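Data block below; observations after.
4 protein chains.
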Amino acid sequence: MIKIGVIGATGYTGLELLRLLGHHPAARVVWLTSENSAGQRLGDVFAVPPPLGRLSLIPLSEADLAGVDLIFCCLPHVSAQGPVAAARHAGARVVDLSADYRLREASAYETWYNHRHTQVALLAEAVYGLPELHREGIAHAGLVANPGCYATSVILGLAPLERAGWLNGTIIADSKSGVSGAGRQPSLKTHFVEANENLSPYSIGRAHRHIAEIEQELGMPSAGREFVFSPHLVPLNRGMLSTIYISLPEAVTEGDVRQSYEAMYAHEPFIYLLKPTAVATIAHTQNTNYCAIGLTLASGTRTLIVTSSIDNLVKGASGQAVQNMNVMFALDERTGLA
Amino acid sequence: MIKIGVIGATGYTGLELLRLLGHHPAARVVWLTSENSAGQRLGDVFAVPPPLGRLSLIPLSEADLAGVDLIFCCLPHVSAQGPVAAARHAGARVVDLSADYRLREASAYETWYNHRHTQVALLAEAVYGLPELHREGIAHAGLVANPGCYATSVILGLAPLERAGWLNGTIIADSKSGVSGAGRQPSLKTHFVEANENLSPYSIGRAHRHIAEIEQELGMPSAGREFVFSPHLVPLNRGMLSTIYISLPEAVTEGDVRQSYEAMYAHEPFIYLLKPTAVATIAHTQNTNYCAIGLTLASGTRTLIVTSSIDNLVKGASGQAVQNMNVMFALDERTGLA
Amino acid sequence: MIKIGVIGATGYTGLELLRLLGHHPAARVVWLTSENSAGQRLGDVFAVPPPLGRLSLIPLSEADLAGVDLIFCCLPHVSAQGPVAAARHAGARVVDLSADYRLREASAYETWYNHRHTQVALLAEAVYGLPELHREGIAHAGLVANPGCYATSVILGLAPLERAGWLNGTIIADSKSGVSGAGRQPSLKTHFVEANENLSPYSIGRAHRHIAEIEQELGMPSAGREFVFSPHLVPLNRGMLSTIYISLPEAVTEGDVRQSYEAMYAHEPFIYLLKPTAVATIAHTQNTNYCAIGLTLASGTRTLIVTSSIDNLVKGASGQAVQNMNVMFALDERTGLA
Amino acid sequence: MIKIGVIGATGYTGLELLRLLGHHPAARVVWLTSENSAGQRLGDVFAVPPPLGRLSLIPLSEADLAGVDLIFCCLPHVSAQGPVAAARHAGARVVDLSADYRLREASAYETWYNHRHTQVALLAEAVYGLPELHREGIAHAGLVANPGCYATSVILGLAPLERAGWLNGTIIADSKSGVSGAGRQPSLKTHFVEANENLSPYSIGRAHRHIAEIEQELGMPSAGREFVFSPHLVPLNRGMLSTIYISLPEAVTEGDVRQSYEAMYAHEPFIYLLKPTAVATIAHTQNTNYCAIGLTLASGTRTLIVTSSIDNLVKGASGQAVQNMNVMFALDERTGLA
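Encoded structure:
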């Protein structure tokens, strides 16, 4: 049994993680923390039935960091820096769901997150937690930086092209996300009446922070590659679709493209490569840890359209965190996620 | 041209009112106020196109109360007390959309709203603004207290029975409201992810404040009449349906019931009495000032089921306010609302 | 391993059942049938990833009825009569998710479903599959008639009162259901644009067929008991809430009521009795096999309001079917459902 | 008073048109047709209150084509060909909301719609009904071909660039549409449970028929211009957003772009050019005849992102049809649409 601690359990990723761990045959949650709701049970914070609802929340100061094998940190960025370091110092392995340890360069972090990184030494140790790209590193990592949801959908949608050297020119990702991606903190933008029957682009162009990790993982920027990213908020709870546009090199055929995806993803347990005529929809992956990918060449053009769908709370956050745990502890990667 | 001032224009009822007044051939908005957004235009606060979006917001302190014929007050309860009184003292007629002047007895107000009423003298002057019940009073009123949305749907659904003396025993109203009824202030309950794909009862039984005005207008409580009220929040923006259960007196037939509604509502411009086999749905009245009413006798029983639908922002708030204005200024009641 | 066959696998209850069985450690699906989609894979019919999506559909005529231990029949009412009988004759135990074997009296079936029952002999053998009421019978049953979704929410909400002898007068259930309860067959009523931003009562009063099984299980009709039932369609995919109104006998206190529920449900694995001040919402049970129950006495009255929430596809259909399977095969009732 | 006939009044565009005409001070609907619902009232087909609901539907064969000044044809493509021709022969001016008269070349029609055009002579007479591009032609037209919804949002979003000669390379439009754009015919794709909590690309690349009219109006294809179009179905009733990506020529600055839009649209009554930092959302135009346009240059790149929002049933269909009527009859273009 892997003994688990969860820091920051009262956001949507924390809840989803606890749901998944509740089904996991090899994991046992020992403690979970919340500063605002310490002393309460999870059922007081969310409308969840027992046994999940009976779990008790404690403040981080009372958590026995050394008494667990693995700590999931579900705090927001910036605020995760310290607790992750404390957990590592106590000897626990860590999966951090925030952005704090995703960027290899502290300077990049400081540019994109507009905040100093206080744990630069730890950055060197962190492995970017996308198993399809970094399985080996994750297996032996002390600290895994779980990817952002947008980043997961875009990187998985493009990685075979990058490997093949076919990622050139202006790459455009038009992404659509359900509202749970914005977290549980009420705001006007996520107020029901404002978000329902609406659809809003935001931070479009070169403004969204996930650009940093997408570029890091896909070898951008580089000569001749440019990335444009347009997130949109859509009126549904969970799910994310990225529609990605790439101009293929002259010689590359639709068949070549397909082969590159099949080669890279044939044995991946959570990649669902759709049939040639199919496009990915949000329904394809909702409530699952899959990334569904569709490939369409706009007829008569060189523009490849990749549709890439994930559940932002599962493959885009807590499911991927469990997948990373499975890799770290040498379990079948699908355990608790099938 | 009726010169209009609007106090508190940046909530959903304020916006809806300004939309309606924008179409009204006999009304001209002279000023609109907001304390939080003074100095901005309405288009900065809401995603509304011109010409509505170009209207400028001023603080109440700069509003020329005496320079308009009619003031709509769209502030929340308690905070409307003072501005309404100031407007009346300045000589303007007032339609108040809050609950502050709906209850004839200050003591009832203080019981239900848990707050002292500082303008008791004005209470005597206020007319409850449901034209179907108080058209004459409204026509000559200086101050009209615009009804609550739940109250409108329930009172209109039951008024003919009350007139006929058939309202007895336990009357149950199971009401379902779209989220705009809860206002524009973000909260966890109205956070998209919490309200979407969910449906929540709240303040059920005898806890919701609209009970006070419903009972006042329907002659309750009285010997042998008891009112039970269950509001529910449903995942849609606008619209309200009340499903109301009444036990009919022995001698009363389904035909008698129908006749009582037809008699009372035959010439009402905004009551849509549905055909015998039909039930009211939210779609029947969305974006209109109508109240749609369906009458169903549960076969083999004495239980009458009244389904009563309104748009909570129109007949349940701003549309009714404009209807009241039309009555107050001797215009065709449908002006600007057809 | 329990060998499983599924008849009629391409509706929402069929899909949900296959999802649940996919997680079940003691069940193995051997075959699944569809007349319209025979020859296809489940992933061709629904946007579901592998391994679920790879399951192959066969026509019923090719299904080896005798080669499995348990058959789930997910056909619509009337059309389930024959296949269930065939399955029983082949020696398989059966959980039927249709209404065809729920009513003990063929005459009642013919009255409510307006169709002759061709398998009257089998009716005598069928056990109504609500474990909270009929666990013993289910354990030994050859044929379990899985309850309707509305019926589950109402019966579980009222059973303790019925046992205590406190169910009298007019009992009113105002139920709200997500759209998946209406099945997967497209219709104008379930067309997105018609159902979204709308809420519609239908079959209100004494018209809905689930009344028959509710009355059968709660000993109605009887002298002095009358049941009024109002279903409503609400714009969400899955979930159901029944708000139930009962007039309590004079001597019965709120504490008595609570005790009756605690006594009956204390050891039930899937009843979530909420704290005294809480009401059940759809979120309480979504994607779970729980029934959440809230108890509220309308203050100053004798009216008890029971709020009862289930997921219509889980406790209201396929989850309850798996729970019944667990009881039938002497497994821990929570297996595969936790 | 303009005397109006409406052919095919029982789809969503027909209903929206009748709503708008109901407010129009200079138009009077003389008759409306439906083959399936002839003999019924509009209130039998839609949940609409009087007076709209009282309008009677007749079969087309009984419509007095010569007795009206203007006929709106709301039939689907292909089936509009004949009735439009009949209306013209009877002497009425026509606004056709189908695609049948939008393409100047019959061969293009036959390629994209896979159907022969039987009224080629009339094609020469038809004017593409986008007032911002063809106001003069519309004013004198006998037959106006009302644009498609996607086409309206894309063409208005790009027209200033086309005029300036800055439309080059691969132009990508990623469009998102509410479900009413798919019409009122029930289908699995538009079944509530399938469309809700989902988001689906469809006909992406070069497959959607609106490409034909977009290219016609924007001078494509031509040397060095290529158009890629990705429609998506999103879970909301009405509204459409196109996010459009264009690579700007080297010398063109963000200021130049802005000036080109301001120059072309400064006096347009229904273009809402947003402030430099703002993006268009669906809320900006819902229930209005506006097209809202936002301009964003992805920083550090040459990629211009145009966000263009319309209500698919208003500016994308019936509102634009009324705007065209206003132009045709020399009324203020905003009449009935403000």
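Protein chains in written order, with the working numbering: chain F, 28 to 365; chain S, 28 to 365; chain P, 28 to 365; chain U, 28 to 365. Glycine included, every Cβ here is placed at the ideal spot set by N, Cα and C. Just so you know, these numbers come straight off a predicted model, no measurement behind them.
U/P110 and U/A186 have their C-alpha atoms spaced approximately 32 Å apart.
Runs of the beta strand (DSSP E) lying entirely within the stretch 211-274 of chain P and spanning at least 3 residues, in chain order: 252-260 and 267-274.
About 6 Å separates the CB atoms of U/D338 and U/T315; that is less than 8 Å, so the two are in contact. Unbroken beta strand (DSSP E) stretches of 3 residues or longer found wholly inside the stretch 273-357 of chain U: 298-300, 318-324 and 330-337, given in chain order. Between the C-alpha atoms of P/P174 and P/M267 there is a straight-line separation of about 14 Å. For the stretch 316-350 of chain U, residues whose beta-carbon sits nearer than 8 Å to a beta-carbon of chain S comprise Y317 and A319. Just measuring C-alpha positions, the residue of S/G70, S/S83, S/P103 and S/V95 sitting nearest S/A344 is S/P103.
In the DSSP assignment, S/G169 forms no beta bridge with any residue.
In this model, F/D96 and U/N223 are separated by some 40 Å (Cα to Cα).
By the Cβ test, the stretch 87-96 of chain U is not in contact with the stretch 330-337 of chain S, since fewer than three Cβ pairs between them sit closer than 8 Å. With 16 or more other CB atoms across the displayed protein chains lying within 10 angstroms of its CB, S/D123 is buried. In the same chain as F/A117, and ignoring 5 residues on each side of it, the C-beta atoms closer than 6 Å to its own belong to L92 and A93, in chain order. Distance from the CA of U/S274 to the CA of U/R233, rounded to the nearest whole angstrom, comes to 19 Å. In its chain, beyond the 5 residues on either side, A36, T37, L59, T60, S61, S64, A65, G66, Q67, R68, L69 and V72 have a beta carbon closer than 8 Å to the beta carbon of P/L84. No Cβ-Cβ contact shorter than 9 Å links F/E244 with F/F254. Listed along the chain, the chain U residues whose CB falls inside 9 Å of the CB of S/A310 are F73, A74 and V75. Looking at the DSSP output, S/W139 bridges to nothing.
Cβ contact annotation for S/L79 (same chain, cutoff 7 Å, sequence separation greater than five): L45, R46, G49 and L69, in chain order. With a threshold of 9 Å between beta carbons, P/L263 makes contact with chain S. In the DSSP assignment, F/G196 falls within the beta strand (DSSP E) that extends over G196 to S204.
U/T308 counts as buried, since at least 16 other C-beta atoms from the protein chains shown sit within 10 angstroms of its C-beta. Between P/H167 and the set P/V354, P/L358, P/G363 and P/T362, the nearest pair of CA atoms involves P/V354. Judged by DSSP secondary structure, U/V33 falls within the beta strand (DSSP E) whose first and last residues are I29 to I34.
The distance from the Cβ of S/Q108 to that of S/T138 is about 16 Å, inconsistent with a contact at the 8 Å cut-off. Ranking S/D127, S/A305 and S/T197 by CA distance to the CA of S/A250 puts S/T197 first. Sequence-distant partners of S/F256 (beyond 5 residues in either direction) whose C-beta falls short of 6 Å from its own C-beta, in its chain, are A200, H235 and I238. Look at P/R115 here: in three-state DSSP terms it is helix. Annotated three-state conformation of F/Y155 is strand, per DSSP. Under the three-state reduction of DSSP, F/T60 is assigned to strand. Assigned with DSSP and collapsed to three states, S/V122 falls in strand.
Using a C-beta cut-off of 8 Å, the stretch 209-226 of chain P makes contact with the stretch 206-222 of chain U, since at least three inter-stretch Cβ pairs fall below that distance.
Note that the C-beta distance between F/G205 and F/L263 is below 9 Å. Within the model, the alpha-carbon separation for S/K342 versus S/D127 is close to 19 Å. Taking a C-beta cut-off of 9 Å against chain P, the contacting residues of the stretch 36-68 of chain U are Y39, listed in chain order.
By the C-beta density criterion, P/T280 is exposed, having fewer than 16 other C-beta atoms within 10 angstroms.
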